[in-house]
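Heads up, the sequence shown is in the working numbering, so the first residue is 1 and it goes up one at a time.
Note that CB positions come from ideal geometry on N, CA and C, so glycine has one too.
To start, the structure under review is shown below, and the notes come after it.
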Amino acid sequence: MSGLVLAARLVLTVVFFAAGIAKLADLEGSERALRDFGAPLRAARVGRFALPIIELSVAVCLLVPVSAGGSLIASAVLLASFIVVIGISIARGTAPHCHCFGQVHSEPAGWRTLARNGVLAAAAAIALYGGKWRIAA
């Protein structure tokens, strides 16, 4: 199982690193996407900085064994949040551009985006379950 855990951590690291860098490179687009998904103006203004910083932090912490367990939990929480927001968007019949990877890749959020986040959340869950993590209380 350790090979699968490592592979999941590496995939998540690459995804969160790429997403964070891309969002930082297009802060206006990131803010617009947050607003399009229903975030209030003030939250979107903070979120345009906070979300990529959180994604980059998660990516870095996934690489460090002592912080990987907590970072896998953070990954799962982030991805679950994305799934909920995208699911609400689909239920409402709207499809804002996800801006998941900044200007590099942005498509209307739909079933494909939902599925991608589901697969990534499953990878985080598998790595969390299969790893030997000690999370300090």
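Beta-carbon gap between residue i and residue j smaller than 8 Å
i, j, result
"residue 138", "residue 48", "This structure does not reach residue 138, given that the chain is present from 1 up to 137, and the question cannot be answered."
"residue 124", "residue 50", "no"
"residue 79", "residue 120", "yes"
"residue 118", "residue 4", "no"
"residue 128", "residue 87", "no"
"residue 59", "residue 17", "yes"
"residue 138", "residue 108", "Since the first residue shown for the chain is 1 and the last is 137, residue 138 is missing from the structure and cannot be characterised."
Residue i classed as buried or exposed, judged by whether at least 16 other C-beta atoms fall within 10 angstroms
i, result
"residue 132", "exposed"
"residue 14", "exposed"
"residue 75", "buried"
"residue 52", "buried"
"residue 69", "buried"
"residue 64", "exposed"
"residue 2", "exposed"
"residue 91", "exposed"
"residue 30", "buried"
"residue 89", "buried"
Whole-number beta carbon distance between residue j and residue i, since they are thought to touch under 8 Å
i, j, result
"residue 95", "residue 110", "6 Å"
"residue 72", "residue 20", "Contact doesn't hold; Cβ gap of about 17 Å is too wide."
"residue 77", "residue 37", "About 17 Å separates the two Cβ atoms, so there is no contact after all."
Bounding residues of the alpha helix (DSSP H) (the contiguous stretch that carries residue i)
i, result
"residue 94", "Neither: residue 94 is in no alpha helix (DSSP H) and is coded neither H nor E."
"residue 122", "111-130"
* Hey, which unbroken runs of the alpha helix (DSSP H) at 4 residues or more fall wholly within the segment 24-71? -> 27-36, 41-63
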